[in-house]
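S.K.: The structure's right below; bear with me while I get my questions together.
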Amino acid sequence: MSDYIIEVENLVKRFGGLVAVDDISFKVKVGEIFGFLGPNGAGKTTTINILCTLLRPTSGRALINGFDAVRQQSQVRQSIGLVFQDPSLDERLSGLQNLRFHAMVYNMPASVREQRIEQFLQMMQLWDKRHNEVRTYSGGMKRRLELARGLLHHPKVLFLDEPTLGLDPQTRHRIWEYILKLRQQEDTTIFLTTHDMDEANKANRIAIIDYGKIIAMDSPEKLKKMVGKDIISVKTDDDKRAAKEIELRYQIEVRHDSSGLTFEIADGEQFLPDFIKEFSHKILSVNLRCSSLDDVFLKLTGREIREEEVRDTLKAMVRQHGRRMRR
Amino acid sequence: MNNLRGIYTIWYRDLLRFWHDKMRLIGSLTFPLLFLFIFGSGLSARMGLLGPGIDFTRFIFPGIIGMTVLMSSFMAGVSVVWDREFGFLKEVLVAPISRTCVAVGKTLGAATVALLQGMLILLFAPLIGVSFSMWTVLALLPLMFLLAASMGSFGILLATRIRTMEAFQAVMQMLMFPMVFLSGAFFPVQGLPTWMNILVKLNPATYGIDPIRQVALGTQADSPFSLILFGHTMSIWDDVMILALFGLVTTVLAIWSFSNQE
Ligand SMILES: Nc1ncnc2c1ncn2[C@@H]1O[C@H](COP(=O)(O)OP(=O)(O)OP(=O)(O)O)[C@@H](O)[C@H]1O
Ligand SMILES: [Mg+2]
Numbered sequence: 001m002s003d004y005i006i007e008v009e010n011l012v013k014r015f016g017g018l019v020a021v022d023d024i025s026f027k028v029k030v031g032e033i034f035g036f037l038g039p040n041g042a043g044k045t046t047t048i049n050i051l052c053t054l055l056r057p058t059s060g061r062a063l064i065n066g067f068d069a070v071r072q073q074s075q076v077r078q079s080i081g082l083v084f085q086d087p088s089l090d091e092r093l094s095g096l097q098n099l100r101f102h103a104m105v106y107n108m109p110a111s112v113r114e115q116r117i118e119q120f121l122q123m124m125q126l127w128d129k130r131h132n133e134v135r136t137y138s139g140g141m142k143r144r145l146e147l148a149r150g151l152l153h154h155p156k157v158l159f160l161d162e163p164t165l166g167l168d169p170q171t172r173h174r175i176w177e178y179i180l181k182l183r184q185q186e187d188t189t190i191f192l193t194t195h196d197m198d199e200a201n202k203a204n205r206i207a208i209i210d211y212g213k214i215i216a217m218d219s220p221e222k223l224k225k226m227v228g229k230d231i232i233s234v235k236t237d238d239d240k241r242a243a244k245e246i247e248l249r250y251q252i253e254v255r256h257d258s259s260g261l262t263f264e265i266a267d268g269e270q271f272l273p274d275f276i277k278e279f280s281h282k283i284l285s286v287n288l289r290c291s292s293l294d295d296v297f298l299k300l301t302g303r304e305i306r307e308e309e310v311r312d313t314l315k316a317m318v319r320q321h322g323r324r325m326r327r
Numbered sequence: 328m329n330n331l332r333g334i335y336t337i338w339y340r341d342l343l344r345f346w347h348d349k350m351r352l353i354g355s356l357t358f359p360l361l362f363l364f365i366f367g368s369g370l371s372a373r374m375g376l377l378g379p380g381i382d383f384t385r386f387i388f389p390g391i392i393g394m395t396v397l398m399s400s401f402m403a404g405v406s407v408v409w410d411r412e413f414g415f416l417k418e419v420l421v422a423p424i425s426r427t428c429v430a431v432g433k434t435l436g437a438a439t440v441a442l443l444q445g446m447l448i449l450l451f452a453p454l455i456g457v458s459f460s461m462w463t464v465l466a467l468l469p470l471m472f473l474l475a476a477s478m479g480s481f482g483i484l485l486a487t488r489i490r491t492m493e494a495f496q497a498v499m500q501m502l503m504f505p506m507v508f509l510s511g512a513f514f515p516v517q518g519l520p521t522w523m524n525i526l527v528k529l530n531p532a533t534y535g536i537d538p539i540r541q542v543a544l545g546t547q548a549d550s551p552f553s554l555i556l557f558g559h560t561m562s563i564w565d566d567v568m569i570l571a572l573f574g575l576v577t578t579v580l581a582i583w584s585f586s587n588q589e
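Chains as they are written, first to last, in our numbering: chain A, 1 to 327; chain B, 328 to 589.
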């Protein structure tokens, strides 16, 4: 058997005319945390759905734990656990019953079952509510229950599709602690999609995906080195002319948008005092920061991930609302 | 062993949900009870005896038991559509249990719930002046279960191919009521107009209602209620064979359909 627990070769998925996943290939090692970072509609969930046997690829091949995701579906399903992006609980059953159902279909031995279910319910702070129907849970509580369920059977490969969306920082922290511990103890491989930069930084490797294509793949540190420099944002009384002045004087590229000017500079802390002294336009505000994965995405695509994030939150709200209306 | 556990888990969840949902239980019993008491008593007085010692209420009682079982099990497919809409189906479809287990577990769940509802109707027998012996009841239960299982797998087969709740409801209305009304649940199936006769005999539900009635009324082969197919008076076993065949075909198709869906 090879060292790789996920192997994807030239994977393509078309929905009618739309190419959701466009010829991607990558490999993930045992015990690695591998992240997909990309804007809405990039094809992250579609890729996961193919890897977990919910969707059939149009072409290409995917192996999980050495098993083919099309021809050896039941072995693949034995090997994986999932936390879906969209809700997938039985809202008419209690939290406890949801976990018991999961434990039974995943054939967990009875001796481990009850004890681990209790451990998870305690960890997710749902123990007191374990007998309540899930439909009475808050959004964050439902999310925590889904996470507990995905982790419950200690799968070999864990797919987390935007796992901590909508959770408070303490809970996020607690869950990540557990995931990292699990990985250490059981060599669990984690496949993660996220928009959250903190979360992305936890990955050993990140693939940046846009319009169904992988446009960069490396460790977060190396990716950030692509931008490599500090980032300065300035607001002035006349951005247009200010941009010209900076470009001419320092021979660098300046990005100009509604929030002001941004440019990269090798050593920002040294640069800034002189810059402010010598600059001829009136400066309204200045900001200096280290490059982030955001900037990497921006550099590669000319768009920001965060612009999309707002829409994502809205989408989630509309979805929630729609469900409630239907009921 | 693994397969049995898978089937059991799917079945058990359906029963839990049924138990949680007491409103559904009450709702599903109102319709048959209204039929039985209002329709039955209203018409009974006028119609006199339909057969030796059998008035209209006694005649339709087994029909109503059959109708309850049929409607409940056929509608159970809705849970598949519901699970798809609420996302729970994904949890089931990525789990390491075969699609065969899922389809069989769902069918058995639907059948069990329907059987329970049919048994509740059975409890009303004394109120309309019917009394069944222990043996009659024991003979009725497997017949009710067979009807429930075959109609359940039919409903689930349809549900695997239908994406929205609205569409499922529409298909149900289009199929379920004709199936109920053309099954002989409410009238004897002899001496019908030709077109109706053909539809009644094509309707699989007919072969579920007939044996239930035969057992409930204890009728003989020469009874005016007998189901006659191509000049042959159908025995309980004949009916059971046809219905079981139908159930087998729909179950196989439902398994196939579950296995080949995205
Ligand atoms: N079942 C489907 N039928 C048709 N188009 C689909 C289907 N599922 C996804 N798509 C399309 O495929 C593209 C990729 O969707 P996908 O859900 O994979 O995006 P994503 O990267 O997960 O985005 P997000 O960050 O919003 O979750 C989108 O354009 C989407 O509209
Ligand atoms: Mg997604």
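Positions of the beta carbon are idealized from the N, C-alpha and C atoms, including for glycine.
State the DSSP-derived secondary structure class of residue 9(A), mapped to helix, strand or coil.
M.R.: Within the first sequence, the letter at position 9 stands for residue 9(A). In this structure, residue 9(A) counts as strand in the three-state DSSP scheme.
S.K.: How many Å lie between residue 147(A) and residue 176(A) at the Cα?
M.R.: Position 147 of the first sequence holds residue 147(A). Position 176 of the first sequence holds residue 176(A). In a straight line, the C-alpha of residue 147(A) is about 11 Å away from that of residue 176(A).
S.K.: Taking the Cβ atom as the reference point for each residue, do residue 106(A) and residue 153(A) lie within a distance shorter than 8 Å?
M.R.: As a first step, residue 106(A) is located in the first sequence; it is residue number 106 there, counting from the start. As a first step, residue 153(A) is located in the first sequence; it is residue number 153 there, counting from the start. Going by C-beta atoms, residue 106(A) is nearer than 8 Å to residue 153(A).
S.K.: Give me the chain A residues within the contact set of residue 329(B), using Cβ-Cβ distance strictly less than 7 Å, ordered along the chain.
M.R.: Within the second sequence, residue 329(B) is the residue found at index 2, counting from 1. Here the neighbours are 107.
S.K.: Which word fits residue 372(B), buried or exposed, when buried means at least 16 other C-beta atoms lie within 10 angstroms of its C-beta?
M.R.: Numbered from 1 along the second sequence, position 45 holds the residue referred to as residue 372(B). That one is exposed.
S.K.: Using a Cβ-Cβ distance cut-off of 8 Å, determine whether residue 90(A) contacts chain B.
M.R.: As a position in the first sequence, residue 90(A) is number 90, starting the count at 1. So yes, residue 90(A) belongs to the interface.
S.K.: Mind checking whether residue 268(A) and residue 239(A) have CB atoms under 8 Å apart?
M.R.: Residue numbering aside, residue 268(A) sits at position 268 when the first sequence is read from its first letter. Residue numbering aside, residue 239(A) sits at position 239 when the first sequence is read from its first letter. The answer is no: Cβ separation not under 8 Å.
S.K.: I want to see whether chain A comes within less than 8 Å of residue 417(B), judged by CB atoms only; does it?
M.R.: For the purposes of this step, residue 417(B) is taken as residue 90 along the second sequence, with counting starting at 1. Yes - at least one Cβ of chain A is within 8 Å of the one on residue 417(B).
S.K.: Taking Cβ-Cβ distances shorter than 9 Å, what residues in chain B pair up with residue 87(A)?
M.R.: Here residue 87(A) refers to the residue found at position 87 when the first sequence is read from its first residue. Under the 9 Å cutoff, chain B gives 413, 414 and 415.
S.K.: Only counting the same chain, and skipping five residues up and downstream in sequence, which positions put a Cβ closer than 7 Å to that of residue 485(B)?
M.R.: On the second sequence, residue 485(B) is found 158 positions in, with the first residue counted as 1. If we look at residue 485(B) and ignore the five residues flanking it on each side, its Cβ neighbours are 404 and 498.
S.K.: Is any heavy atom in ligand 2 found nearer than 7 Å to the beta carbon of residue 210(A)?
M.R.: Within the first sequence, residue 210(A) is the residue found at index 210, counting from 1. No, the Cβ of residue 210(A) stays beyond 7 Å of every heavy atom of ligand 2.
S.K.: Could you tell me the distance, in whole angstroms, from the CA atom of residue 339(B) to the CA atom of residue 97(A)?
M.R.: Residue mapping note: residue 339(B) aligns to position 12 of the second sequence, counting from 1. Residue mapping note: residue 97(A) aligns to position 97 of the first sequence, counting from 1. Distance between the alpha carbons of residue 339(B) and residue 97(A) is about 11 Å.
S.K.: Any idea which residues DSSP pairs residue 14(A) with across the strands?
M.R.: Your numbering for residue 14(A) matches position 14 in the first sequence. According to DSSP, residue 14(A) bridges with 19(A).
S.K.: Would you call the stretch 11–22 of chain A and the stretch 45–61 of chain A touching, i.e. three or more CB-CB distances under 8 Å?
M.R.: yes
S.K.: Please classify residue 505(B): is it buried, with 16 or more other beta-carbons within 10 angstroms of its beta-carbon, or exposed?
M.R.: Position 178 of the second sequence, counting from 1, holds the residue named residue 505(B). So residue 505(B) ends up on the exposed side.
S.K.: Using CA coordinates, which residue listed in 459(B), 398(B), 490(B) and 344(B) is at the minimum distance from residue 474(B)?
M.R.: In the second sequence, counting from the first residue as 1, residue 474(B) sits at position 147. Cα-wise, what sits closest to residue 474(B) is 398(B).
S.K.: Using the beta carbon as the reference atom, which residues fall closer than 5 Å to any heavy atom of ligand 1, ordered along the chain?
M.R.: 15(A), 20(A), 40(A), 41(A), 42(A), 43(A), 44(A), 45(A) and 46(A)
S.K.: Measure the alpha-carbon distance for residue 8(A) versus residue 188(A) and round it to whole angstroms.
M.R.: Locating residue 8(A) in the first sequence gives position 8, where the first residue counts as 1. Locating residue 188(A) in the first sequence gives position 188, where the first residue counts as 1. Going from the Cα of residue 8(A) to the Cα of residue 188(A) covers about 18 Å.
S.K.: Would you mind sorting residue 129(A) into buried or exposed? The rule is 16 or more other CB atoms within 10 Å of its CB.
M.R.: For the purposes of this step, residue 129(A) is taken as residue 129 along the first sequence, with counting starting at 1. Buried.
S.K.: Since I believe residue 118(A) is in contact with residue 91(A) (beta carbons under 8 Å), could you give me their beta-carbon distance rounded to a whole number of angstroms?
M.R.: Position 91 of the first sequence, counting from 1, holds the residue named residue 91(A). Position 118 of the first sequence, counting from 1, holds the residue named residue 118(A). Not confirmed; about 22 Å, so no contact.
S.K.: Using a threshold of 7 Å, is the CB atom of residue 85(A) nearer than that to any non-hydrogen atom of ligand 2?
M.R.: In the first sequence, residue 85(A) corresponds to position 85, counting from 1. Residue 85(A) Cβ: within cutoff of ligand 2.
S.K.: Output, in sequence order along the chain, the residues in the stretch 335–368 of chain B whose CB is closer than 9 Å to any CB in chain A.
M.R.: Those residues of the stretch 335–368 of chain B that come within reach of chain A (Cβ to Cβ, closer than 9 Å) are 335, 336, 337, 339, 340, 343, 344, 347 and 348.
S.K.: With a 10 Å radius around its C-beta and 16 neighbouring C-beta atoms as the bar for buried, classify residue 56(A) as buried or exposed.
M.R.: On the first sequence, position 56 is the one that residue 56(A) refers to. With fewer than 16 other Cβ atoms within 10 Å, it is exposed.
S.K.: Look up residue 194(A) in the DSSP assignment and say whether it is helix, strand or coil.
M.R.: Position 194 of the first sequence, counted from the first residue, corresponds to residue 194(A). Strand at residue 194(A).
S.K.: May I ask you to report which of helix, strand or coil DSSP gives residue 284(B)?
M.R.: Residue 284(B) lies beyond the stretch modelled for chain B, which goes from 328 to 589, so this question has no answer here.
S.K.: Just checking: is the beta-carbon of residue 138(A) within a distance shorter than 8 Å of some beta-carbon in chain B?
M.R.: To locate residue 138(A), count along the first sequence from 1; it is residue 138. Not an interface residue.
S.K.: State yes or no: is the beta carbon of residue 54(A) nearer than 8 Å to at least one beta carbon in chain B?
M.R.: For the purposes of this step, residue 54(A) is taken as the residue at position 54 of the first sequence. It does; some Cβ of chain B falls within 8 Å.
S.K.: Got a sec? Which residues, its chain only, sit under 7 Å from residue 326(A) by beta carbon, not counting five neighbours each side?
M.R.: Here residue 326(A) corresponds to residue number 326 of the first sequence, with the count starting at 1. Any reading at residue 326(A) is ruled out, since the residue's pLDDT is 44, under 50, leaving its predicted position unreliable.
S.K.: Kindly list, in the order they appear in chain A, the residues whose Cβ is closer than 8 Å to that of residue 424(B).
M.R.: In the second sequence, the residue the question calls residue 424(B) occupies position 97. Chain A residues near residue 424(B): 105.
S.K.: So, under 8 Å CB-CB, residue 423(B) and residue 74(A) are touching, yes? Tell me the CB distance rounded to an integer number of Å.
M.R.: Walking along the second sequence from the start, residue 423(B) turns up at place 96. Walking along the first sequence from the start, residue 74(A) turns up at place 74. Contact flag correct, Cβ pair sits at about 6 Å.
S.K.: Would you verify that the beta carbon of residue 59(A) is, or is not, closer than 8 Å to some beta carbon of chain B?
M.R.: As a first step, residue 59(A) must be located in the first sequence, where it is residue number 59. No, residue 59(A) lies away from the interface with chain B (no Cβ there is under 8 Å from its Cβ).
S.K.: Give the interface partners of residue 420(B) over in chain A, defined as CB-CB distance under 7 Å, in chain order.
M.R.: Reading the second sequence from its first residue, position 93 is the one you call residue 420(B). 54, listed in chain order.
S.K.: Near residue 434(B), which residues of its chain fall below 8 Å by C-beta distance, leaving aside the five closest residues on each side in sequence?
M.R.: Translated into the one-based positions of the second sequence, residue 434(B) becomes position 107. Taken in chain order, the residues that qualify are 476, 479, 480, 483, 578 and 581.
S.K.: Considering just the uninterrupted stretch of the alpha helix (DSSP H) at residue 213(A), what are its terminal residues?
M.R.: If you number the first sequence from 1, residue 213(A) lands on position 213. Counting along the chain, residue 213(A) falls outside any alpha helix (DSSP H), though it belongs to the beta strand (DSSP E) covering 213–218.
S.K.: Consult DSSP for residue 161(A) and reduce its assignment to one of helix, strand or coil.
M.R.: As a working mapping, residue 161(A) is identified with position 161 in the first sequence. Correct three-state label for residue 161(A): strand.
S.K.: Hey, would you say the C-beta of residue 194(A) is under 7 Å away from at least one heavy atom of ligand 2?
M.R.: For the purposes of this step, residue 194(A) is identified with residue 194 of the first sequence, where counting begins at 1. Taking 7 Å as the cut-off, one finds no heavy atom of ligand 2 near enough to the beta carbon of residue 194(A).
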